[in-house]
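Read the structure below first, then the notes.
2 protein chains.
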Amino acid sequence: MHTADLSELDRAIAVTGRGDGEYAAALGAGWLIGDALNGGYLLAVIGNAVRASLADAGQPDPFVVSAHFLSAGRPGPATVRARLVRSGGRHSTVAASLVQQEETRAEVERITVLATYGDLARNVPDVRTTALPPELPPVEECLPSSASDEELRRMVPFMDRLDLRLEPESAGWAVGEPSRRGVLQGWLRLADGRPLDPLALLLVVDAMPPTTFDLGLQGWAPTLELTAHVRADPAPGWARVRCESRNFADGYFEEDCEVWDSTGRLVAQSRQLALAPRPA
Amino acid sequence: MHTADLSELDRAIAVTGRGDGEYAAALGAGWLIGDALNGGYLLAVIGNAVRASLADAGQPDPFVVSAHFLSAGRPGPATVRARLVRSGGRHSTVAASLVQQEETRAEVERITVLATYGDLARNVPDVRTTALPPELPPVEECLPSSASDEELRRMVPFMDRLDLRLEPESAGWAVGEPSRRGVLQGWLRLADGRPLDPLALLLVVDAMPPTTFDLGLQGWAPTLELTAHVRADPAPGWARVRCESRNFADGYFEEDCEVWDSTGRLVAQSRQLALAPRPA
Numbered sequence: 012m013h014t015a016d017l018s019e020l021d022r023a024i025a026v027t028g029r030g031d032g033e034y035a036a037a038l039g040a041g042w043l044i045g046d047a048l049n050g051g052y053l054l055a056v057i058g059n060a061v062r063a064s065l066a067d068a069g070q071p072d073p074f075v076v077s078a079h080f081l082s083a084g085r086p087g088p089a090t091v092r093a094r095l096v097r098s099g100g101r102h103s104t105v106a107a108s109l110v111q112q113e114e115t116r117a118e119v120e121r122i123t124v125l126a127t128y129g130d131l132a133r134n135v136p137d138v139r140t141t142a143l144p145p146e147l148p149p150v151e152e153c154l155p156s157s158a159s160d161e162e163l164r165r166m167v168p169f170m171d172r173l174d175l176r177l178e179p180e181s182a183g184w185a186v187g188e189p190s191r192r193g194v195l196q197g198w199l200r201l202a203d204g205r206p207l208d209p210l211a212l213l214l215v216v217d218a219m220p221p222t223t224f225d226l227g228l229q230g231w232a233p234t235l236e237l238t239a240h241v242r243a244d245p246a247p248g249w250a251r252v253r254c255e256s257r258n259f260a261d262g263y264f265e266e267d268c269e270v271w272d273s274t275g276r277l278v279a280q281s282r283q284l285a286l287a288p289r290p291a
Numbered sequence: 012m013h014t015a016d017l018s019e020l021d022r023a024i025a026v027t028g029r030g031d032g033e034y035a036a037a038l039g040a041g042w043l044i045g046d047a048l049n050g051g052y053l054l055a056v057i058g059n060a061v062r063a064s065l066a067d068a069g070q071p072d073p074f075v076v077s078a079h080f081l082s083a084g085r086p087g088p089a090t091v092r093a094r095l096v097r098s099g100g101r102h103s104t105v106a107a108s109l110v111q112q113e114e115t116r117a118e119v120e121r122i123t124v125l126a127t128y129g130d131l132a133r134n135v136p137d138v139r140t141t142a143l144p145p146e147l148p149p150v151e152e153c154l155p156s157s158a159s160d161e162e163l164r165r166m167v168p169f170m171d172r173l174d175l176r177l178e179p180e181s182a183g184w185a186v187g188e189p190s191r192r193g194v195l196q197g198w199l200r201l202a203d204g205r206p207l208d209p210l211a212l213l214l215v216v217d218a219m220p221p222t223t224f225d226l227g228l229q230g231w232a233p234t235l236e237l238t239a240h241v242r243a244d245p246a247p248g249w250a251r252v253r254c255e256s257r258n259f260a261d262g263y264f265e266e267d268c269e270v271w272d273s274t275g276r277l278v279a280q281s282r283q284l285a286l287a288p289r290p291a
């Protein structure tokens, strides 16, 4: 397949092996939020390198990825270093870091992760208990992110990578009327129509605006750590995403996200610990 | 302070620096569940080594620890290797692994973690939103784990390290009547009266029986990964612990635990991804 045939996500997370567990990537400016690349995008790049490092194991899918965020990623060249920690029967665990060179040529780590991979296709279907997906108005009654004003979209090119439709109550912050539930939820798919898959879910779990917007707090809320569980390969179509923060205290908050596929199956869960936005 | 003055937890998680980020520990048989050491105990040992490795940074407290479980820990000598990944203003991130020698003298990794530490005492008190602690009957109406039969307690010496009082509904599984809510909750303190602190919370978030017991599934449910957030230094006294599984599918389940201190403050949150127990 030629690169030109790939979706924009596939092109943006492509990695080239250099041997010894080292992979080269080119981080795209289209995934910027202000001057920092979206964390979920960086996670998908690392996830793709980890997948490549496990090509011989037949374990292509992230089952659980824990990421500690160290510094903001920038567009341009990056290197992912992956080291196999344990290779088991059903799962393999890899430690990986994404690094970039700063202008001074010094190498700086952006994210460091521990990732346990397996093969989702080998799981035996058997849903015993399940939470319920969020109830949302129909897609056409939700608010497309593409309706945001042009200045915002210029500052946040990342918004144009997704087709996100927030339910009206979750979009009140945009007009100064946050619901103050600490909840943001809506429909989501990739803007270019590429179906979601396990790697794309690593992006999706960190793709929503911060829940602090819904608490009436504008501003950047840096992630300290994010762990994602991928529970199933998503069916094609619109996914439902719900993010909630229940405990905002002493300058920190947790953000729990769930991703449900078009069949109503929970396909991913994540939790992050983030720093409260500082007053501008 | 003499070792004899320390609580049993402090003695059991003690580490001795060997230089170059290497720490020696002696894992205690009192923390066994069957023939494997409790994962939370191992996490507290690693947490103590990470604290020692950051002694000069003035950042003694785990803020978020992500642990991938590789093999079962055994009583006896162990080594923790800690490597500073990033040292920042408010937080430092350390990668650490706990290893043991097998009978063949080969070194085997038990747990590998990424840990971001800071100083909880420097956080400015400011609780903006908070979930509510679980409603529990008074301690004296709950069921002490010390009332379990002697054979069980011989197989699970770990039970005697804790004073755990499950609410009656959460203890139904012990008499063949699981509530099937996927919830276990109760009061908890350390058996020897040592007050909880941030390191002890790493133990507490993995101290409850698996929530699968409450779903009517007996048996060992191995943890693949556990991430803990420590949100505050707990006040002395009984803590309330609530663990819940909402999604049990295809042989995997998540388990979310919350720990609330005696003042009703959320002090820790954890989520793990575990393997469903295999039928005996």
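Residue numbers (the numbering used here), protein chains in the order written: chain H, 12 to 291; chain P, 12 to 291.
Where a beta carbon is used, it is the ideal one built from N, C-alpha and C, also for glycine.
- At a cut-off of 7 Å between C-beta atoms, P/Ser77 counts as an interface residue with respect to chain H.
- For P/Ile24, the secondary structure class from DSSP, reduced to helix, strand or coil, is coil.
- Cβ contact annotation for H/Leu43 (same chain, cutoff 8 Å, sequence separation greater than five): Asn49, Pro86, Val167, Pro168, Phe169, in chain order.
- Ranked by Cα distance from P/Arg176, the options P/Glu151, P/Ser190, P/Ala185 are led by P/Glu151.
- If one requires a minimum length of 3 residues, the beta strand (DSSP E) runs lying completely within the region 120 to 197 of chain P are 138 to 140, 173 to 177, in chain order.
- A Cβ-Cβ separation of about 20 Å leaves P/Thr238 out of contact with P/Arg276 under the 8 Å criterion.
- Interface annotation for the region 245 to 268 of chain H against chain P: Ser256, Arg257, Asn258, Phe259, Ala260, Asp261, Gly262, Tyr263, Phe264, Glu265, Asp267, criterion Cβ-Cβ distance under 9 Å.
- In the three-state reduction of the DSSP assignment, H/Thr222 falls in the helix class, which pools H, G and I.
- According to the DSSP assignment, P/Pro209 belongs to the alpha helix (DSSP H) that extends over 209 to 215.
- Along the region 215 to 239 of chain P, the positions whose C-beta sits under 8 Å from a C-beta of chain H are Leu226, Leu235, Glu236, Thr238, read in chain order.
- By alpha-carbon distance to H/Gln112, the top candidate from H/Ala93, H/Ala35, H/Ala63 is H/Ala35.
- Here the C-alpha atom of H/Leu95 lies approximately 11 Å from the C-alpha atom of H/Asp31.
- Three or more beta-carbon pairs separated by less than 8 Å link the region 196 to 216 of chain P to the region 250 to 262 of chain P, which places the two stretches in contact.
- Across the region 113 to 147 of chain P, CB contacts with chain H closer than 7 Å involve Glu120, Thr123, Leu125, Thr127, Asn134, Val135, Pro136, Asp137, Val138, Arg139, Thr140, Thr141, Ala142, in sequence order along the chain.
- Per DSSP, reduced to three states, the secondary structure at H/Ala40 is helical.
- The criterion of a C-beta distance shorter than 7 Å is satisfied by P/Thr127 and H/Leu235.
- DSSP links P/Ser281 through a beta bridge to P/Ala239, P/Cys268.
- Remark: fewer than three beta-carbon pairs, one from each stretch, lie closer than 8 Å, so the region 56 to 65 of chain H and the region 227 to 234 of chain H are not flagged as touching.
- Between H/Ile57 and H/Val110, the C-beta gap is not smaller than 7 Å, which leaves the two residues out of contact.
- The alpha-carbon separation between H/Asp46 and H/Asp72 amounts to approximately 30 Å.
- Excluding its 5 nearest sequence neighbours in each direction, P/Leu154 has C-beta neighbours in its own chain below 7 Å: Arg176, Leu177, Pro179, Ala182, listed in chain order.
- Scanning P/Pro145, P/Glu255, P/Ser77, P/Asp217 for the CA closest to the CA of P/Tyr52 turns up P/Asp217.
- Within its own chain, the residues whose Cβ lies closer than 8 Å to the Cβ of P/Leu147, once the five positions on either side in sequence are excluded, are Cys153, Glu178, Gln196, Gly197, Trp198, Arg251, listed in chain order.
- In chain P, no part has a C-beta under 7 Å from the C-beta of H/Gln111; the shortest such distance is about 14 Å.
- Of all residues in the region 83 to 99 of chain H, only Val96, Arg97, Gly99 come within less than 9 Å of chain P when Cβ atoms are compared, listed by chain position.
- For P/Ala246, no alpha helix (DSSP H) run applies, since DSSP gives it neither H nor E.
- Going by C-alpha positions, P/Val76 is about 15 Å away from H/Phe264.
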